[in-house]
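Number of protein chains: 4
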Amino acid sequence: MTGVLRPGHAQLRVLDLEKSVHFYRDILGLVETGRDHLGRVYFKCWDEHDHSSLILSASDSAGVDFVGFKVLDAATLDRLEKDVRAFGLPTERLPAGDLLETGERVRFRLPTGHLFELYAEKTRIGNGLPKINPPPWSPDADRGMAPTRFDHCLLYGPNVAGNKELFVKVLGFNLVERILGPEEAGEPEIGIFMSCSHKTHDIAFVEYPEPGKLHHLSFRMPTWERVLRAGDIMGMNKIPIDIGPTRHGVTRGETIYAWDPSGNRFETFAGGYEPYPDSDPITWTFDGFAHGLDYPQGKLHETFLTVVT
Amino acid sequence: MTGVLRPGHAQLRVLDLEKSVHFYRDILGLVETGRDHLGRVYFKCWDEHDHSSLILSASDSAGVDFVGFKVLDAATLDRLEKDVRAFGLPTERLPAGDLLETGERVRFRLPTGHLFELYAEKTRIGNGLPKINPPPWSPDADRGMAPTRFDHCLLYGPNVAGNKELFVKVLGFNLVERILGPEEAGEPEIGIFMSCSHKTHDIAFVEYPEPGKLHHLSFRMPTWERVLRAGDIMGMNKIPIDIGPTRHGVTRGETIYAWDPSGNRFETFAGGYEPYPDSDPITWTFDGFAHGLDYPQGKLHETFLTVVT
Amino acid sequence: MTGVLRPGHAQLRVLDLEKSVHFYRDILGLVETGRDHLGRVYFKCWDEHDHSSLILSASDSAGVDFVGFKVLDAATLDRLEKDVRAFGLPTERLPAGDLLETGERVRFRLPTGHLFELYAEKTRIGNGLPKINPPPWSPDADRGMAPTRFDHCLLYGPNVAGNKELFVKVLGFNLVERILGPEEAGEPEIGIFMSCSHKTHDIAFVEYPEPGKLHHLSFRMPTWERVLRAGDIMGMNKIPIDIGPTRHGVTRGETIYAWDPSGNRFETFAGGYEPYPDSDPITWTFDGFAHGLDYPQGKLHETFLTVVT
Amino acid sequence: MTGVLRPGHAQLRVLDLEKSVHFYRDILGLVETGRDHLGRVYFKCWDEHDHSSLILSASDSAGVDFVGFKVLDAATLDRLEKDVRAFGLPTERLPAGDLLETGERVRFRLPTGHLFELYAEKTRIGNGLPKINPPPWSPDADRGMAPTRFDHCLLYGPNVAGNKELFVKVLGFNLVERILGPEEAGEPEIGIFMSCSHKTHDIAFVEYPEPGKLHHLSFRMPTWERVLRAGDIMGMNKIPIDIGPTRHGVTRGETIYAWDPSGNRFETFAGGYEPYPDSDPITWTFDGFAHGLDYPQGKLHETFLTVVT
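Top to bottom, those sequences are chains R, G, W and Z.
Going by the working numbering, the first sequence opens with residue 1, and the numbers climb by one from there.
Going by the working numbering, the second sequence opens with residue 1, and the numbers climb by one from there.
Going by the working numbering, the third sequence opens with residue 1, and the numbers climb by one from there.
Going by the working numbering, the fourth sequence opens with residue 1, and the numbers climb by one from there.
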């Protein structure tokens with residue numbers, strides 16, 4: 001309870017910007033909210049209130065540039081900046097406005113090699129519904145797959161143990177679930193799912209030799225029926241699917257994993273339980289993880305473990 | 001509209017009877033309704049009214065012994081017997097009582113090599129709900145996967161064209177959907193889905209060199225949410241899954257295919273549209289069938305085409 | 001099994017035509033398919049194939065002009081025409097083209113005073129999906145409440161017993177469920193739900209002193225979740241609701257009843273079971289009907305019994 | 001972010017203890033976890049981990065004795081005790097063990113007249129699932145209505161403004177939604193929905209002349225389909241329903257309100273959005289609240305405003 005509120009934004013590298021804009025806006029169904037002088041394109045999910053949660057940046061390689069979490073206020077930002085430095089990580093301040101409608105960001109590199117940011121300010125532009133006597137959804141709720149929010153991300157890199165220490169001890173996250181490695185390797189934690197709220201995960205990491213890799217960005221769907229509707233839209237648009245629809249054992253979430261036009265994996269995710277901050281973590285053994293990944297099939301889809309950007 | 005009402009029963013060969021009884025009764029959640037002097041075990045789905053729809057028969061090979069459809073009455077049975085003979089197929093009468101609580105059956109071998117039966121009488125034992133002021137479901141609706149009915153079956157064998165002629169011209173079925181073979185082969189119909197009601201299929205056939213093979217028996221689930229619940233139960237019991245959960249393009253149905261302890265494939269199936277008898281058939285090309293099988297993934301799961309019992 | 005296929009069309013009297021067109025097209029979400037020289041406006045549900053299932057006719061009183069059922073072919077039409085006359089009802093032939101894209105209609109007045117029609121021909125314009133490799137739904141499936149088909153209607157009038165005899169003995173319908181009157185009145189059937197398919201009802205009648213009244217037209221929704229979405233749209237548009245969302249005990253269907261701008265009641269209806277033609281009817285006692293109408297609440301909503309057009 | 005975690009327990013007064021135990025255990029489907037020397041009976045929802053969330057106490061009047069929230073740890077409890085006193089409310093310490101398996105409780109009376117408690121310790125007995133490789137649900141998830149957790153409560157009393165100040169300024173809750181009174185009365189807040197997490201409400205209050213009244217305890221359901229299943233079980237058991245199934249405009253939640261055998265209202269509640277702590281409150285005007293209460297119907301059910309225990 002350190003004042004870290006939620007995953008706020010991720011900047012994604014895409015190979016063909018306009019093709020990607022088409023995908024994220026018209027097929028996934030995000031709301032385009034701006035473009036900046038660097039050519040970056042900003043999006044939010046329909047039910048999000050802040051200006052943007054996804055930024056597309058043209059590049060010659062796919063992957064994630066950085067992930068940012070929103071914190072409660074400027075004082076929290078200052079305090080956490082000091083705490084992160086005390087933990088031993090150098091931090092950098094990016095000026096307000098460097099991202100559209102976004103305040104100063106404190107950036108540092110995680111032990112797993114990912115650029116991670118904290119920020120306290122982002123312009124609230126609303127979810128398209130009035131604040132007085134609102135209906136339960138807007139027309140955007142039926143446009144494309146229409147996720148409600150950027151939910152979490154899963155990142156791959158070395159030294160997951162270092163990230164765990166940082167997120168739990170410094171940033172105040174809870175360890176909600178974890179995956180152990182093989183018994184013969186002494187069962188280290190090779191996967192950790194952590195929350196700064198009572199979601200099953202606001203961020204997750206899996207051990208991987210190469211630093212700074214993206215496994216997937218996850219977008220929240222209201223129901224299992226809407227996950228299938230997302231799957232239908234994937235089929236209509238020939239979006240390549242990795243896994244699903246199915247239920248994860250981990251988090252109990254209902255899911256489809258698929259790939260965007262650049263090969264970045266994304267998830268349409270519903271359901272799951274809501275762990276309160278005093279919950280004890282759930283453990284998946286290396287052998288049990290097949291059901292953790294795909295509960296009905298109990299299948300350890302090879303691509304889940306190996307394909308990242 | 002010849003008076004063929006519905007798929008009534010299927011007799012399934014299983015390798016280990018008690019293991020299979022456990023599976024069909026306690027995991028799939030059927031209601032055991034009797035055992036006969038041959039050791040066969042009879043089941044019905046909770047919302048079916050007739051005595052039995054699935055009969056297990058111990059054997060040293062898996063597969064289906066025969067499939068039977070119920071017809072309107074004895075006169076219909078007599079008439080259809082004559083029509084089938086006139087079509088050129090020899091028929092045989094099995095005496096009432098040969099199957100528990102079941103009247104005389106007219107049996108004949110389909111062009112695809114399957115034993116097929118018609119019958120007019122089966123004792124109605126009810127669905128466990130009163131006929132006066134009934135509640136919408138019984139406690140059995142939560143026991144195991146709890147399908148509501150034996151819905152249809154898909155059978156593999158040679159000469160699907162012969163079956164089509166028999167079912168459409170003699171038995172009064174409608175062709176609802178069909179799959180074409182590869183263009184270079186002249187695009188014969190390699191799969192046909194036929195209905196004697198306004199279901200998307202009461203029976204289906206796929207071209208296959210070996211006669212008399214079973215692809216799957218299908219059990220009806222009320223909703224997509226209950227399909228996932230069935231998938232959860234498969235995961236809990238380590239039931240091997242072939243495909244799903246997903247949506248078929250063919251029939252639009254929501255599905256999981258899995259295997260019983262003997263390797264017989266079964267389906268838990270929900271949704272789909274309801275074609276009236278005057279509808280025009282839908283065609284799936286050989287190339288398009290990947291989406292016909294798994295609409296979101298557009299994946300031509302190899303096992304679907306090759307694994308039968 | 002006389003060849004009566006389904007409810008095909010209903011002509012509805014509305015007070016303000018353009019307001020009604022807006023309601024049925026933009027709020028309920030039907031597809032407008034034509035207007036004729038009498039100013040009538042034709043609609044179909046998105047997943048119907050025939051030209052039209054609802055016709056709006058401007059009038060100074062609300063209600064239903066007539067209901068028409070499609071039959072298999074011209075021969076069936078001729079045969080049923082004779083059978084209806086033999087039953088003692090005069091019949092009239094309306095010429096092809098009197099309704100847009102519709103063949104000759106055989107019309108007669110039911111014992112309950114309603115104009116009822118049979119016809120064999122209506123131009124098939126399709127459901128907006130290709131007949132080859134179709135996706136599972138079209139963009140129209142998200143426009144307004146987006147029912148998939150005109151499902152059934154409930155009509156009020158005197159002499160329900162006469163209708164039952166006609167529909168069961170002449171037209172080949174099955175009695176699926178029935179409501180008994182009060183015990184002190186000798187428990188006559190005051191409500192009957194009949195099917196010419198394996199739907200729980202294709203048409204229903206309730207005893208009422210005034211002839212020819214409409215209780216409601218029912219539109220089919222794919223799921224309970226879509227029934228709620230329809231309810232949301234009713235709330236957004238201030239459509240007056242009579243009952244629901246809730247589940248009927250009768251048919252087990254999931255439902256909302258509401259009123260169109262002219263005061264004609266309509267239903268958005270999902271779920272329910274699928275009775276085969278050999279099923280035994282379910283009986284609701286007068287006292288038990290409160291749960292038959294609203295299973296959770298067990299409440300005999302007064303308006304259901306008294307408000308008709 | 002003061003360390004108040006969640007609604008932990010409520011002690012409910014019931015008129016006939018064994019009848020109430022039957023209702024809460026066998027019909028609502030809670031898990032009975034203990035009885036104490038005062039005859040109180042303890043329950044938890046199947047997916048809760050702490051020993052108990054509902055305590056039934058025999059009485060000659062219905063209502064709620066007290067509601068308790070769990071806080072992070074003993075230090076938090078001490079700090080909040082001081083803060084509440086500084087706010088001007090006297091507090092009392094109840095010894096550990098006064099409630100079964102529960103640590104010391106700090107109790108005080110809210111401005112609205114309700115006894116409110118904070119506590120840091122309650123024995124964790126788990127949710128019946130293993131902590132290693134768990135399945136997604138236990139057999140208890142199908143027993144009765146089977147809510148997953150005690151979600152929130154709505155309490156009626158005078159001086160809602162006083163409660164708001166206490167909960168927002170001292171206990172760190174967020175105001176998520178609010179209902180205004182009539183314009184002619186100057187539009188005071190007559191209803192407030194507050195969260196200490198990102199639920200739409202962990203506790204809510206409505207202005208009412210009589211202090212200390214209970215409007216309802218709310219139990220969480222996984223889906224809208226399970227809300228209907230709860231409604232079916234209400235119908236099967238003739239549980240009197242107040243409102244629903246329907247959707248609230250307030251919180252967007254899917255709901256049924258009904259009464260326990262003592263006349264205490266309870267809710268089966270699913271869905272809703274998940275407001276992060278930096279969200280702006282939503283306002284319902286007095287005139288708009290009809291849709292806030294029942295979004296489809298837009299109906300201001302009289303009982304909601306007047307019937308409390």
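Each residue gets a CB set at the ideal place from its N, CA and C atoms; glycine is no exception.
Computed from a predicted structure; not experimentally measured.
If I measure Cβ to Cβ from residue i and keep anything under 7 Å in the same chain, skipping five residues before and after, which residues do I get?
i              : result
V170 (chain W) : D83, V84 and F87
G181 (chain W) : E187, P188, I190 and F286
I192 (chain W) : V160, K164, L175, R178, A204 and F205
N237 (chain G) : I27
Identify the contact partners of residue i in chain W, using a Cβ-Cβ distance below 8 Å as the criterion.
i              : result
H291 (chain Z) : G235
W284 (chain G) : I132 and N133
Strictly below 9 Å CB to CB, what residues from chain W border residue i?
i              : result
R247 (chain Z) : L228, G231, D232, G235 and P245
Would residue i and residue j qualify as a contact pair, given that the criterion is a beta-carbon distance under 9 Å?
i              : j              : result
V67 (chain G)  : A120 (chain G) : no
V64 (chain Z)  : V41 (chain Z)  : no
P111 (chain G) : C45 (chain G)  : no
G253 (chain R) : A230 (chain R) : no
V14 (chain R)  : N264 (chain R) : yes
Y276 (chain Z) : T200 (chain Z) : no
E81 (chain Z)  : L94 (chain Z)  : no
P296 (chain G) : D232 (chain R) : yes
G288 (chain W) : H291 (chain Z) : no
With a CB to CB cut of under 6 Å and the five nearest residues on each side skipped, what residues in its chain are close to residue i?
i              : result
I351 (chain Z) : No answer is possible for residue 351 (chain Z): the residues shown for chain Z start at 1 and end at 309.
H51 (chain Z)  : T33, E101, K122, T123 and I125
I282 (chain G) : E177
T223 (chain R) : A270
Y208 (chain R) : Y156 and G157
L217 (chain Z) : A10, C153 and F266
R35 (chain W)  : V41
G113 (chain W) : G157, P211 and G212
C196 (chain Z) : V4, F173 and D202
Please return the same chain residues whose Cβ sits closer than 8 Å to the Cβ of residue i, not counting the five positions on each side in sequence.
i              : result
L293 (chain W) : I243, H248, G249, V250, K299, L300, H301 and F304
D140 (chain G) : G29, V31, W46, G128 and A146
R149 (chain W) : C45, D47, E48, S53, F219 and R220
L166 (chain Z) : V84, F87, L89, L110 and P111
V168 (chain G) : N174, L175 and M194
Can you pull the chain R neighbours of residue i, defined as C-beta to C-beta under 8 Å?
i              : result
E225 (chain W) : T223 and E225
K238 (chain G) : G298
Using the beta-carbon of each residue, which ones in chain W are nearer than 7 Å to residue i?
i              : result
I241 (chain Z) : P296 and Q297
Output, in chain order, the set of chain Z residues within a Cβ distance shorter than 8 Å of residue i.
i              : result
P277 (chain R) : L5 and L72
Is residue i a contact residue of the ligand HEM, with contact defined as CB to any heavy atom under 8 Å?
i              : result
A230 (chain W) : With respect to the ligand HEM, the structure offers nothing, as it holds no ligand at all.
Taking only beta carbons into account, state which residues of the stretch 116-137 of chain W come closer than 9 Å to chain R, listed in chain order. In summary, the residues of the stretch 116-137 of chain W whose CB is separated from some CB of chain R by less than 9 Å are P135, P136 and W137, in the order they occur in the chain.
Can you list, in chain order, the residues of the stretch 291-307 of chain W whose Cβ is nearer than 9 Å to any Cβ on chain Z? Per Cβ criterion, the list reads H291, D294, Y295, P296, Q297, G298 and K299.
Name the residues in the stretch 15-42 of chain R whose C-beta lies less than 8 Å from a C-beta of chain Z; which are they? Within the stretch 15-42 of chain R, no residue has a Cβ that lies closer than 8 Å to any Cβ of chain Z.
At 4 residues or longer, what runs of the alpha helix (DSSP H) sit wholly inside the stretch 218-274 of chain R? Whole alpha helix (DSSP H) segments, 4+ residues: 224-236.
Chain W contacts made by the stretch 140-168 of chain R, where a contact means CB separation under 7 Å: Listed by position along the chain: D142.
By the 7 Å beta-carbon criterion, what residues does the stretch 173-206 of chain G contribute toward chain W? If the cut-off is 7 Å between Cβ atoms, the stretch 173-206 of chain G has S197 and H198 near chain W.
Ordered list of beta strand (DSSP E) runs contained in the stretch 278-306 of chain G, each at least 3 residues: Counting whole runs of 3 or more residues, the stretch 278-306 of chain G contains the beta strand (DSSP E) stretches 282-284.
Which runs of the beta strand (DSSP E), 3 residues or longer, sit entirely within the stretch 100-127 of chain G? Runs found: 105-109 and 115-119.
Given a limit of 7 Å on CB to CB distance, which residues of the stretch 251-279 of chain G reach chain W? Those residues of the stretch 251-279 of chain G placed with their C-beta closer than 7 Å to a C-beta in chain W are R252, Y273, Y276, P277, D278 and S279, ordered along the chain.
Taking the runs of the beta strand (DSSP E) that are 3 residues or longer, which of them lie wholly in the stretch 25-58 of chain G? Entirely contained in the stretch 25-58 of chain G, the beta strand (DSSP E) runs reaching 3 residues are, in chain order, 31-35, 41-44 and 54-58.
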